[in-house]
Structures are given as C-alpha cells and as structure tokens.
Amino acid sequence: MSSQIGIVTKFEIVRQLKKPSFWVAVLLMPLLIGFVFLISFFAGAENVDTTAHLSEDTVVAITDDAGVLPKDNPFNLYKTQDEGIEAVKKGDADLFFYIPASFLTDKKAEFYHISEGLEIFNFDGNALKQILSQYARMKVDELDAMVIAGEFEINDNKLTTTGEASNALGKAIIPFMILAVYFIFMVMFGSRLLMTVVEEKENRISEMILTTVSSKHLIIGKIISMLALGFIQILALVIPVAIIVFFNRENPMVASILSIIEISPESIFSNVILFLFSMLLFAGLNTMVGVMVPTARDASQYIGPVVVGSVFPLYFMQLFMATEPSFLVHFLTYFPPSAPVALMLRSAFGTLSPVELTIGLAEIVICSIIVMRIAIVLFQKNAINFEAVKLFKRK
Amino acid sequence: MKSIVEVKNFKMAFGDKTVIKDLSFDVKKGEIFGLLGSNGSGKTTTLRALLGFYEPTGGELLVDGKKYDPEDSSVTIGYLPEERGLYRKESVIDTMVYFGELKGLKNPRDWSMKYLKRVGLLDKANMKVEKLSGGQQQKVQLGITIMNEPKLLILDEPTKGFDPINRRLLMNIIDELHKKGTAIIMITHYMDEVERLCDRALLLKDGVARAYGSIADIKKEFGGKSLDQIFVDVYGGVDE
C-alpha cells in the first residue's frame, strides 16, 4: 500500500516539526549568519562614523621631527613628543601623531589617543598614512602618484588552449555551492535519519509497527520525510544568505564574486543529479547502520566512518584541481562511499567527462538500491534483536 | 472449519541451540487458541516466525494459506507483542491515529476516542505516552492492536501486569472480538484464562507439543486434571 508510505511520511514530518529541537537546528545557522552580518554592518557603520569624526571634528596634533609635512598644514604642531602626549592627556587634542627623525630608516611612527576600557571601533592610526599620502601626492604628478599607490586594476584574461576565454573558477562557484549544500545536508540529515530508524527498536515498538506496515514502506516513508525536512532546513539557510547577498550586491567584495560567477549548465545539472542520487546512497548507508544497532548512541560510533568516507575527497582537493586526474582521484571517484563528493568535485572543476559521469551515477544508483535493500531486510530481521548485529562471529 | 494459521513441521535453531524441534498445529478461523508453555519454551519464537521476524530453520508457517506479508492486505493481523513499547514522546491520540491510518481505518480519531473512553483514558488522550503508567500504556497498545478488527489477533501475555478489573475489561474486549469472528492466539500463564476463553490449546515443552487439542480433550488425556495441574505435571513440578 503506497498510501502507507504517505502516512509514515506525514507522521514523521509532523512529529519533527513539533519538536523545539528541530526549529533550534533549523534557525541556528541563519541566526548565526544574521548575527555575523549585523556585526559587520554595524562595524562598517562605526568605521564610517570614525572617518567622519576624523575629518570634521577631530583635533589632530602632530610632532614632525622627520620634516615630512609642509609648513602650511591645518594640524596643531607640537615641538616635542612629550608636549603632544600632554595635549592628548589634557584633552587639547583627540589624536597625536609623532613622526620621529628616524622615520625614513625605521619606517615607524607613533599614535596616541585616549582609550578607556575595551573600545574595538576607535580612531584609526591609519589616518596618518592618509595624511602623509595626500601631501606626498602633491609632490609628484598624477600618473606617478597613481602608479606608486597602485591605484589601478589588472584584468585577468584566462585563455584555454583553443583561445577561448577561460573562467574555471567562475564556472565552479555554483557547482561548489551545490556540493556545500550536500555537505550541510549530510551533517544535518544523517544523524536525524539514524535516530528515526533506531527509534522503533529503542522504544520496543518494532514488532507492532512491522505487523502493521512493511519494513520497506516504513523505511521509504522515513527517508522521504527526512529528505523533506532536510530541504526545509536548507531553504532556511539559503534564503537568508540570498537576501543578504542581494542587499549587498553593491559591496565591492560581493560584487567581485558575483561578477566572476559563470553559469555552466552541464556542471550545475551534473551536480544537481549527483546531489539527488547521492542523498539516496547516504540515506541507505545511514539506514543500514541504524538497523544494525540497538540505540542511537551505539549508532554514532559507526556513522563516523561513513561521514569521513564521504568527505574523504575534500582532503585531496589539490589533486582534484589538476586537469589530468591521478590514480587516487580515479579511485575516489569510483569508491562508493567517496564517489558522490569526488564526482561533484570533478564536475565543479570541469574534469568529469560525460562517460565518467554516467558510470559514476549508475554506480551510485546501483549501490543505493543494494544498500537500501540490505537495510530493509536487516530492519525486518533485526527488528527484535535489541543488541548490535555482530559482523564477525567470535570463535 | 478452515484454518487461518497452519504450522507444519516447524523447526527453529539459533546457532547450536534448538528452540523448536518439530512443531505442527493449526488455528481455526474464529477460535481462541491458547499457546502455553513455561518461559523460554519457544512460544514467542513460534509467533515471531509466523510473522516473519525469524526465518524458520525448517517447515513452514502459513497465515490464511500464505507466508505472512504485511503488504498483503487480504489478512489483517493484530499483534500485541511481548516487548511492550510506544512512541514515548508522542501523545496518546496521535499515536493511535497514526496506527489507525496505517491500518486503513476511515475515522481513526473517533474510534480512538471511543476506545479511550471505554478503558478510562479519555482524559489522557493528549498526554504524552511517557507520562502514562505501564498498565495505561498497555491499554493503549491493546487498542492499537484491535482497532481494525483483525481477522487474526495474536496476544503475547496480554494480561501481564493488569489488575483484576483491567483483566476483566480485557477479557470482555477479547470476547467481543471473538464473537465478531476474529481468530485469537493467546500466550498466557494464567490457566484460568485459558479454561475460560480458549477453544483449543497447545502445551509446548522442549520444542515439541506435549498436549494439543480442545481444552476438554487435553483434560481427558491427563485424567481430568485442571490445566494448572497438567502444566505442573508436564514441567515436572516446581524448581526450588
């Protein structure tokens, strides 16, 4: 009865949605992102205020023993360093810069200002660099000033061997984001699926449930519900990030990243397909571990190797970036636990041929089906075994 | 009368340990059948093999002429297992509705509320299962087991831990189902229950049937003794 799958799915989704812990897990990451964004936003605002303060109201005092500044400058000049420090202490000056006679050789100046308590955002000593830079520019022509300050851009034109424009990094960004989502999914989804599979045994309810619904329908229902909940969690993460990026699209750093992003339909399509089928394999592996152990606590020791095996290719990122895949890269591409991440990496870097993609996908699908079938049989046969399955018999 | 359960030359071993040597019996449609034996005699193992949790070492176990498969909706089974448990963090009513939907009830909420009222748990409907006492949880489990009026009801020590009032309530429920034509297999250590309720019984010892037939026939075979005495005789007295 396929309707039983729907009933199991609905039950599992509703009961998870009712749990406060689910919403904590869902909202924690977006809240953290929002918090970091707000911090950086206010930090930026604070910096702007400081600059404005410096340019308009700040009383700047300078002792210039090196003779860098011209005589006609708007600053309060003090003859000695001690006088300048005294002025700051008395409140006659907000900032005091001391440019020693050894400035040219030591390349060091001193900056004094009042700071009581922990003040993260305060006057910036770099103001001296700006002041000195302005006066230095007056002494040379505009072109020399620009060259010395490095105030120009260099456009990076990468070419392929056939002479076409190459933008491997830009093309890799979206496929990499899909890989990142898969990674997040693995971390969040794995443990939850495991818990829900083990739950029947932990609650001693396996016999009752398995005479009501087949282990196949029960497991499929559980996996579908966990996938649906995983997508809710991913949306809760992706949407705030997308909003933040949208409202900061003028930000130079964000704009520069957005400008290099290039849509590579093949890589994106490959990674989406790989993502979907890899989830099945990962779900199957988790389910298999879940049915072999009596409690969620026992499961945690077995699930570690599954996750490590899955993310193993990330340790060899450099090898995956090479245009000619090494033996290890080939091995990880076709080794079932590591295949999903390896294939996604190679797809992102553009080193995965359509034939390799097809073989990899077929392997993932076949392994998923095998693992899932084993999990279903084990679930039925191990439902009333409240001890961990012994993989090796003691003689 | 046709059989709803047929066990033919059933053998079951776990590694070197043989639990069932050779067991054959049947359960007729609409009868109450007592499966009797001391602890560890293989009663629960037999039921688990019948329901597909164990693969028999030999022989066959059939429900309505076929190996039991929960996907086959032609046979409805209610099973109250020896291992008791429910979703502890869920409410009583949500748990019952879930099972009711799985069992294909048209209005599981209404059925569950009526049942909870009957067994005196209506005020606990929205309470989490873990807040209920053991006996109250057992009543909820029984409700789940019988909610679809199964063709075959299997009860593994259904009155274990019940006080006399709740035992009587359970017996009434079993009796009602029996009158509606449900075949019932009951494992119990209370011989008075067997004498009062069961049409036939099987006494299991050392993996074989020591007595099998109608209650009257079994008594006759053992010289008219009570079932309680027959049980003691078969098991060779009380271990001190």
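Respectively, the protein sequence lines represent chains A and B. Every position in the first sequence, counted from 1, becomes a number in our numbering once 54 is added. Every position in the second sequence, counted from 1, becomes a number in our numbering once 233 is added. In this text, a Cβ means the ideal position worked out from N, Cα and C, and glycines have one as well.
Which residue or residues does DSSP assign as beta-bridge partners of residue i?
i, result
"T112/A", "For T112/A, which the question treats as bridged, DSSP gives no partner whatsoever."
"F258/B", "V240/B"
"A444/B", "L436/B"
"V296/B", "V238/B and K299/B"
"K361/B", "S324/B"
"N405/B", "For N405/B, which the question treats as bridged, DSSP gives no partner whatsoever."
"Y152/A", "T117/A and E164/A"
"L386/B", "G311/B and I417/B"
Against residue i, what residues of chain B qualify as contacts under a CB-to-CB distance less than 8 Å, listed in chain order?
i, result
"S268/A", "D302, P303 and E304"
"Q58/A", "L335"
Please state if the CB of residue j and the CB of residue i are separated by a distance shorter than 9 Å.
i, j, result
"Y166/A", "V122/A", "no"
"E428/B", "S459/B", "yes"
"I253/B", "G275/B", "yes"
"I423/A", "P394/A", "no"
"R69/A", "K452/B", "no"
"S260/A", "A429/A", "no"
"R433/B", "K261/B", "yes"
"M240/A", "V362/A", "no"
"V240/B", "L313/B", "no"
"I87/A", "V295/A", "yes"
"L436/B", "Y445/B", "yes"
"G388/B", "Q369/B", "According to the sequence as given, residue 388/B is Leu; it is not Gly. Not a contact, by the Cβ cut-off of 9 Å."
"N325/A", "L182/A", "no"
"V308/B", "L385/B", "yes"
"N381/B", "G337/B", "yes"
"I317/A", "I228/A", "yes"
"K243/A", "N340/A", "In the sequence as presented, Lys is not what sits at residue 243/A; that position holds Phe. Contact: yes."
"F374/A", "F403/A", "yes"
"E164/A", "Q184/A", "no"
"T378/B", "T421/B", "no"
So residue i contacts chain A; which residues on that side make the cut at Cβ distance below 8 Å?
i, result
"F286/B", "E261, L264, Q434, K435, A437 and I438"
"I379/B", "What I379/B touches in chain A: nothing, since even the nearest Cβ is about 12 Å away."
"R317/B", "R258"
"Q374/B", "M262"
What three-state label does DSSP hand residue i in the structure shown?
i, result
"F175/A", "Only weak support exists for where F175/A lies, its pLDDT of 46 falling under 50; the value from the coordinates is given anyway. Three-state DSSP puts F175/A in coil, outside helix and strand."
"T251/B", "strand"
"D103/A", "Unreliable positioning characterises D103/A in this predicted model, as indicated by a pLDDT of 46, which lies under 50. A coordinate reading is not provided."
"A416/B", "strand"
"I259/A", "coil"
"G363/A", "helix"
"I238/A", "helix"
"N272/B", "coil"
"A163/A", "coil"
"G267/B", "strand"
"Y369/A", "helix"
"F206/A", "coil"
"A246/B", "strand"
"Y287/B", "coil"
"N399/B", "helix"
"L131/A", "strand"
"K72/A", "coil"
"F446/A", "Residue placement at F446/A is poorly supported in this model, since its pLDDT is 46, which falls under 50; the coordinates still yield a value, given next. In this structure, F446/A counts as coil in the three-state DSSP scheme."
"K144/A", "helix"
"I315/A", "coil"
At a CB-CB cut-off below 7 Å, which residues of chain A make contact with residue i?
i, result
"R281/B", "I438"
"Y320/B", "N257 and I259"
"P314/B", "E261 and M262"
So with CB distances below 7 Å, who are the chain B contacts of residue i?
i, result
"F65/A", "Y331"
"R69/A", "E323"
Measuring alpha carbon to alpha carbon, tell me which of the options ends up nearest residue i.
i, options, result
"S354/A", "A226/A, L247/A, L86/A and E205/A", "L247/A"
"L334/A", "K225/A, L415/A and F300/A", "L415/A"
"T405/A", "S321/A, I93/A, A437/A and D352/A", "S321/A"
"A282/A", "V425/A, T63/A and P294/A", "T63/A"
"H411/B", "M346/B, D466/B and E264/B", "E264/B"
"Q287/A", "I61/A, Q58/A, L71/A and G60/A", "L71/A"
"P390/A", "I420/A, Y369/A and P379/A", "I420/A"
"I314/A", "T159/A, G224/A and E410/A", "G224/A"
"N302/A", "P74/A, L411/A, S94/A and I116/A", "S94/A"
"R351/A", "L272/A, V252/A and L82/A", "V252/A"
"Q58/A", "G333/B, Y320/B, D249/B and L269/B", "G333/B"
"A203/A", "M426/A, L186/A, D210/A and E218/A", "L186/A"
"R400/A", "F331/A, F285/A and F230/A", "F230/A"
Could you tell me which chain B residues have their CB closer than 9 Å to the CB of residue i, listed as they occur along the chain?
i, result
"I61/A", "Y331, E334 and L335"
In chain A, what lies closer than 9 Å to residue i by C-beta?
i, result
"I310/B", "T265 and T266"
Could you check whether the Cβ of residue i sits closer than 9 Å to any Cβ belonging to chain C?
i, result
"D327/B", "Any reference to chain C falls outside this structure, whose protein chains are A and B."
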